[in-house]
Structure formats: C-alpha cells, structure tokens
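Protein chains in written order, with our numbering: chain X, 1405 to 1488; chain Z, 9 to 226.
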C-alpha cells in the first residue's frame, strides 16, 4: 500500500503538471480538491484517465467518483479493491 | 483613432522587451518550455495554474503580465470595460499535435482532458480573462502574419465606435507558437481621454506605430 501511494503521488504530479509540488508535500489523507491540492474539474477527468491508463480500472458508477478521488489514500483503497 | 498605447511587451528568441527596452535575456534555455519556466520564476509569479497551461497560453500570460505591470492605470479600469483582442498564425497547432499523439494508437487510446482543453487558440483569452478577472469584449483572429491594420481596425471599433461607452482599454496583440518557435507581442491600449494626466510611457495608437513597436527588437 505504501508503494502504491508513493507511485500515485508521482503519477498525479506528472499527469496534472503540478510542477511546484513534491511527493513529500502531499498528505495522503488530505483533500485533493478544494483546500488540499486545489484540483479542478479538468483534473478530475484527468484522474479518471490515470486510473484507466495506469491501473486498467474504469469507474462504472460516476456518483462514486467523489469518494474515490477525495484523497490519495481513498484512491489507493479503490485501486487495491478493484485491481485485476 | 483616438487611443494610446500605454505599455507593450515583446517576447522572441529567449529575449523579452518591455516598452521597447530589453528586459530579460535567457542564454541557458534550449527550448521554449524551459525558457517560459525561467521567465515565470524571474517574474516571481505565484500562479500554479501556469504549469497546467500549454506553451501558447504560458507565452500569452507572461507577455500580458509584463504589459500590465508596466501600465500604471490598469487597476483603475473597470474590469468589464477591458477588451481582449489577440491574433496568431498557427492557431493551437502545437497542442493539436500533442493531442493527436494521445489518440493515434487505438490500443493506447487515452486522450488527455487537460490537453484537449487547449486545442483552441482563443483559450489564451480565457486564461488572461481568468487571471486578471476581465469580462469585456474578446476576439481572436488568425492571419498569416501580425496584421497591424486588422488589429487597429478592430481595436478602433471597440474603443471608438460600437459600444463606445463600454470599452475603456484593450489588451491586444499576437501570440504564436509552432514547435520550438514562439513569439508574443502584447500591448495595452487605452482611450485617449481616459486619463489625460497619466505619466510614463504613452504613444498614439495607429498601424504605423504598432508596426514599429512590433518590429523593435534591437
């Protein structure tokens, strides 16, 4: 799980062009949107692509996305529960 | 035309000129992406969204920032009375190329939403409008080269004819990126009677003047 979280941090920084953010700056339990990393709606779409591209996981229920992408930890939990 | 140029910025070949004076030269950067990142740091901007933009928008934002920084009256404009009129030759070709790469392989078909949103050139206008909270008129023109007559004609309509009581100032110019080549030229125009007592740089706006400023890179 720890390795997955570290990989997610690096992938999110690269995919979302967070040039001024370092992996160690990201609290796995902090909110990705709003006051946390300050991501926006386009970033949310990019996270959906990231899950599919890097982990082969499609989000079937759009309503669940809000909880899945609430933090790095929740993303990692979702990947662990759904990886093939 | 009863308008004046009150500031302008030209960026080309890793060099920046403000109001005709050389402002910054970067001899280190070997590509436009690195140059734009260096210039961003040089200006001490705290705008993380910058790094999400494509190079066309980065170039437009930096040139606009420098033009605005050198316009002492900018904060006195009502923001719904500031228009944006820009132009270029290559539209959003560089991002279009990058987008195609993400969808070329049907087995690796992952179009990037954050890339796709930059596959229109007029998103530069959107980025400038968001950063500086401008809500006035806006237009984007495609022309073979910087067309000072076209821009002067349109800016004249904005400032002097249609809705003449509405537009006070215009952020105009040319922002073009194709491959590793980029050229930005942004000027701030103001109605001639906005502040007759303004001090500092100011010049009558006409196609001859703007042609001269566009080409003044020595």
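Where is the CB? At the ideal position from N, CA and C, for every residue including glycine.
Nothing here was measured: the structure is a model prediction, and the numbers come from that model.
Annotation: the continuous beta strand (DSSP E) that includes residue 195 (chain Z) extends over 189-199.
For residue 209 (chain Z), the closest C-alpha among the options Z:221, Z:215 and Z:216 is that of Z:221. For the pair residue 185 (chain Z) and residue 174 (chain Z), the Cα-to-Cα distance works out to about 32 Å. Against chain Z, a Cβ distance below 7 Å from residue 1487 (chain X) picks out nothing, because the smallest value is about 18 Å. Just so you know, the alpha carbons of residue 1428 (chain X) and residue 137 (chain Z) end up roughly 33 Å apart. From the beta-carbon of residue 1449 (chain X), the residues of chain Z found nearer than 8 Å are 121 and 122. Residue ranges of uninterrupted beta strand (DSSP E) with 3 or more members, entirely inside the region 105-175 of chain Z and ordered along the chain, are 146-150. Nearest C-alpha to residue 156 (chain Z) among Z:44, Z:215 and Z:118: Z:215.
Within the region 102-136 of chain Z, the residues whose Cβ lies closer than 7 Å to any Cβ of chain X are, in chain order, 118, 120, 121, 122 and 125. The C-beta of residue 1469 (chain X) comes no closer than 8 Å to any C-beta of chain Z.
Chain order gives no chain Z residues near residue 1434 (chain X), where near means a beta carbon separation below 9 Å; the closest approach is about 16 Å. Residue 64 (chain Z) and residue 100 (chain Z) do touch by the CB rule: their CB atoms are close to 6 Å apart, below 8 Å. Close to residue 1424 (chain X), with beta-carbon spacing below 8 Å, are these residues of chain Z in chain order: 56 and 59.
Residue 224 (chain Z) and residue 20 (chain Z) have their C-alpha atoms some 11 Å from each other.
The C-beta of residue 1413 (chain X) comes no closer than 8 Å to any C-beta of chain Z.
In this structure, residue 177 (chain Z) places its C-beta atom within 8 Å of the C-beta atom of residue 90 (chain Z). Looking at the DSSP output, residue 92 (chain Z) shares a beta bridge with Z:146 and Z:179. No Cβ-Cβ contact shorter than 8 Å links residue 45 (chain Z) with residue 183 (chain Z). Boundaries of the alpha helix (DSSP H) around residue 215 (chain Z): 215-223. Three or more Cβ pairs drawn from the region 187-194 of chain Z and the region 18-35 of chain Z lie within less than 8 Å of each other, which places the two stretches in contact.
The alpha-carbon of residue 39 (chain Z) is positioned some 21 Å away from that of residue 129 (chain Z). Nearest C-alpha to residue 203 (chain Z) among Z:61, Z:85 and Z:77: Z:85. Listed as beta-bridge partners of residue 184 (chain Z) by DSSP are Z:191. According to DSSP, residue 24 (chain Z) shares a beta bridge with Z:19 and Z:32. At least 8 Å separates the CB of residue 1462 (chain X) from every CB of chain Z.
The region 1454-1465 of chain X and the region 41-56 of chain Z do not touch, with fewer than 3 CB-CB distances between them shorter than 8 Å. Taking a 10 Å sphere around the C-beta of residue 33 (chain Z), we find fewer than 16 other C-beta atoms and assign the residue as exposed.
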